[in-house]
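J.: The sequence shown finishes on residue 299 if you use this note's numbering, and the numbering steps up by one all the way, no holes.
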Amino acid sequence: MAFFSDIFGFLLNHIYMLVQNYGLAIILFSILLKVVILPVTIKEQIVRRKTAKIQGQVKEIQKKYKKDPQKMHRETMDLYKKEKMNPFSGCMPAIIQMVLIFAMFMLVRSPLTYMRDIDDYTLQNITEEIRYELGDDAISPRFPEISIIRYVNSVGDTDSELYIDMRFLGLDLSNTPIEDFRNPTVYIIPAMFVVSSMISMKLVMSINQKSQAKKEVVLDKDGNPEKPEPDMMMQMSKNMMWMMPILTVGIVFNAPLGLALYWLTNNILMITVILILNKILSSREEKENGGQEDV
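#1: Please name the residue, chosen from 39, 19 and 255, that lies closest to residue 273 on a Cα-to-Cα basis.
#2: Report the partner residues of residue 3 according to the DSSP bridge assignment.
#3: Given this structure, state the Cα-to-Cα distance separating residue 183 from residue 206, to the nearest angstrom.
#4: Taking buried to mean at least 16 other C-beta atoms within 10 Å of its own C-beta, is residue 232 buried or exposed?
#5: In angstroms with no decimal places, state the Cα-to-Cα distance between residue 285 and residue 60.
#6: If you run the structure through DSSP and keep just helix, strand and coil, what is residue 162?
#7: Is residue 150 near residue 144, with beta carbons less than 8 angstroms apart?
#8: Sort 8, 103, 10 and 35 by Cα distance to residue 251 and report the nearest one.
#9: Under DSSP, the alpha helix (DSSP H) around residue 132 begins and ends at which residues?
#10: Measuring CB atoms only, is the region 121-136 touching the region 24-40, in the sense that at least three cross pairs come out at less than 8 angstroms?
#11: Below 8 angstroms between beta carbons: does that hold for residue 188 and residue 264?
#12: Residue 109: buried (16+ other C-beta within 10 angstroms of its C-beta) or exposed?
#13: Assuming residue 87 and residue 58 are in contact, meaning their beta carbons sit under 8 angstroms apart, how far apart are those beta carbons, in whole angstroms?
#14: Would you kindly work out how many angstroms separate the C-alpha atoms of residue 117 and residue 111, rounded to a whole number?
#15: Once you ignore the five residues that flank residue 198 on each side, which residues in its own chain have a CB closer than 7 angstroms to its CB?
#16: Name the two residues that bound the continuous alpha helix (DSSP H) containing residue 23.
#17: Within the same chain, show all residues whose beta-carbon is closer than 8 angstroms to that of residue 122, passing over the 5 residues directly before and after it, in chain order.
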């Protein structure tokens, strides 16, 4: 994971050198990263829509071969093959998300190591100096490099290679909710992140439900529409949608606010991308369906 933290830190540091503000650098870095992984995001949305589209066929297979699980599995796999879908393709976005989560946590936890590329010997020396001058409590056991940055900022040594301006819109991005819990401002960005996560999750689930509802309707023996059961891909995707926000919320309250700002920006970008992609893909499907009907 340190490999990705090194790369992210290198990019973030170069952006910071241009804008001279840690918060703005994180926002610009988030945009750049979102552009890089945009093809994966597009692929994920296409897979979600295709998965919803074949739910009726999956349901029929489940009903037809419910007493023969092996046959049901083979028929389902054949359906995926026919539709040119990989039942495990939904795992790739989740893997990327996990890499980003831990790589960014390491980066904001130790910005002097990954962003400034300061060696351990220098960090150890400055740590000992701070402890000698201010006492052991001046160095956080959780985030020692953040403590160093705070010290350098407090003495106003803006020319130091250890200096990073972490002030952003009146907030101090070096603060951590778990350590600075008496400061009400530390909850602003995390709270916005939680709200944006809920909006993003609700949006994705709403789009999936609408796509599934307007595709194929399966009738029961009385001729009434049956509620589609999620297949393996849909269930896996839904589980990951719930797991990721829970995991990230737990981390964001135990990390410097820079991480919450990154995830908040990422959520806003994700919501924007999903809305745009949904409109484009829906328009394309309507044209394709219209063309088929005309024929």
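Ideal Cβ placement from N, Cα and C applies to all residues, glycine included.
The structure presented is a predicted model; accordingly, all values stated were derived computationally and were not measured.
T.: Checking against the coordinates, here is how it stands:
#1: Walking along the sequence shown from the start, residue 273 turns up at place 269. Among 39, 19 and 255, the Cα nearest to that of residue 273 belongs to 39.
#2: Not covered by the structure: residue 3. The range shown for the chain is 5 to 299.
#3: Locating residue 183 in the sequence shown gives position 179, counting from the first residue. Locating residue 206 in the sequence shown gives position 202, counting from the first residue. For the pair residue 183 and residue 206, the Cα-to-Cα distance works out to about 31 angstroms.
#4: Sequence index remark: in the sequence shown, residue 232 carries index 228 (1-based). Model confidence at residue 232 stands at a pLDDT of 49, short of 50, so the residue's coordinates are unreliable and nothing is read from them.
#5: Reading the sequence shown from its first residue, position 281 is the one you call residue 285. Reading the sequence shown from its first residue, position 56 is the one you call residue 60. Approximately 20 angstroms, taken between the alpha carbons.
#6: By one-based count along the sequence shown, residue 162 stands at place 158. Reduced to three states, the DSSP call for residue 162 is coil.
#7: Here residue 150 refers to the residue found at position 146 when the sequence shown is read from its first residue. Here residue 144 refers to the residue found at position 140 when the sequence shown is read from its first residue. For residue 150 and residue 144, yes; Cβs fall inside 8 angstroms.
#8: If you number the sequence shown from 1, residue 251 lands on position 247. Closest in alpha carbon position to residue 251, among 8, 103, 10 and 35, is 103.
#9: Here residue 132 refers to the residue found at position 128 when the sequence shown is read from its first residue. Residues 124-138.
#10: no
#11: Within the sequence shown, numbered from 1, the residue matching residue 188 stands at position 184. Within the sequence shown, numbered from 1, the residue matching residue 264 stands at position 260. No. Outside cutoff.
#12: As a working mapping, residue 109 is identified with position 105 in the sequence shown. Counting Cβ neighbours within 10 Å, residue 109 comes out buried, since at least 16 surround it.
#13: On the sequence shown, residue 87 is found 83 positions in, with the first residue counted as 1. On the sequence shown, residue 58 is found 54 positions in, with the first residue counted as 1. Contact holds; Cβ gap of about 6 angstroms.
#14: Within the sequence shown, numbered from 1, the residue matching residue 117 stands at position 113. Within the sequence shown, numbered from 1, the residue matching residue 111 stands at position 107. C-alpha separation (whole angstroms): 8 angstroms.
#15: Counting from 1 along the sequence shown, the entry for residue 198 is found at position 194. Around residue 198: 253.
#16: Within the sequence shown, residue 23 is the residue found at index 19, counting from 1. Note, residue 23: alpha helix (DSSP H), 6-23.
#17: As a first step, residue 122 is located in the sequence shown; it is residue number 118 there, counting from the start. Excluding sequence neighbours, residue 122 sits near 116, 165 and 166.
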